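Beneath this line is the structure, given in structure tokens, with notes to follow.
This is the structure in structure tokens:
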């Protein structure tokens, strides 16, 4: 999936594949956008869904590095990706996860300690993360974890990936009550809805398909 379908000059449908350069630029752009969104979330002490949210929660609870935790919690899902999506998708996903983990460590060094309004940080961070995910999906990659499961269910059952992930993310947001103050959890829940609506409204079955 995830390459553009264009109208051929003869009037028949032809699959226009991304070139290797386009894939590389897409991966870099998508992971940078996602990691910047996660950085904005972290400045407000908020969380998000998916494995990124799990890594943030574990980091808040134990003071461990988000980058290390994000890599660790995704490892089990890589096996699922190999089984259901193949090695090409899995390797792209491993690279994407590694890039996000690395960039997440760079942003604080480059931008320092930002002081942002929590509403701006959470909504802006989730919008950026949603756009970044769309870019990765369209270059046959994901950020592991729930992204893989959501894409598989969309492919097999026609369920929109954004709505599937929204349901899964709800469980992560609820778990945040044990670590984060209630006001931040509620704001995080609104942000997670925003992120998944971005994906659900822009990544529909049949709209952007290919090999």
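In this note's numbering, the protein residues as written are 421 to 631.
The beta carbon of each residue, even a glycine, is placed where N, CA and C say it ideally should be.
Computed from a predicted model, the values in this text were never measured in an experiment.
If you reduce the DSSP assignment to three classes, tell me which class residue i lands in.
i           : result
residue 649 : With the chain covering 421 to 631 only, the question about residue 649 has no answer from this structure.
residue 436 : strand
residue 620 : helix
residue 513 : helix
residue 536 : coil
residue 634 : For the chain, the structure presents residues 421 to 631; residue 634 sits outside this window and is missing.
residue 466 : coil
residue 455 : helix
residue 485 : coil
Report the option in the options whose CA atom is closest to the CA atom of residue i.
i           : options            : result
residue 481 : 495, 612, 465, 496 : 465
residue 450 : 518, 596, 486, 462 : 518
residue 580 : 463, 618, 561      : 618
residue 575 : 501, 438, 496      : 501
residue 584 : 566, 594, 600, 595 : 566
residue 538 : 563, 441, 609      : 609
residue 505 : 562, 516, 606      : 562
residue 445 : 594, 510, 552      : 552
residue 620 : 436, 498, 587, 594 : 587
residue 531 : 463, 595, 443      : 463
residue 439 : 533, 514, 590, 559 : 559
residue 512 : 483, 443, 528, 492 : 443
residue 590 : 598, 602, 599, 613 : 613
Which first and last residues belong to the alpha helix (DSSP H) in which residue i is found?
i           : result
residue 576 : 566–577
residue 479 : 470–482
Suppose the cutoff is 6 Å on Cβ atoms and the five residues either side in sequence are ignored; what does the same chain contact list for residue i look like?
i           : result
residue 604 : 465, 466
residue 473 : 467, 592
residue 487 : 521, 524, 525
residue 494 : 471, 517, 564, 565
residue 570 : 581, 584, 585
With a threshold of 7 Å on Cβ separation, who are the neighbours of residue i within its own chain once the five nearest residues in sequence on each side are excluded?
i           : result
residue 544 : 460
residue 622 : 554
residue 573 : 579, 584
residue 615 : 468, 546, 549, 550
residue 596 : 467, 477, 605, 608
Under 8 Å Cβ to Cβ from residue i, same chain only, skipping five residues before and after it: list those, please.
i           : result
residue 611 : 461, 466, 468, 542, 543, 545, 546
residue 523 : 451, 452, 455, 456
residue 448 : 519
Report yes or no: is there a C-beta of chain D within less than 7 Å of the C-beta of residue i?
i           : result
residue 613 : Note that chain D does not occur in the displayed structure, where there is just one protein chain.
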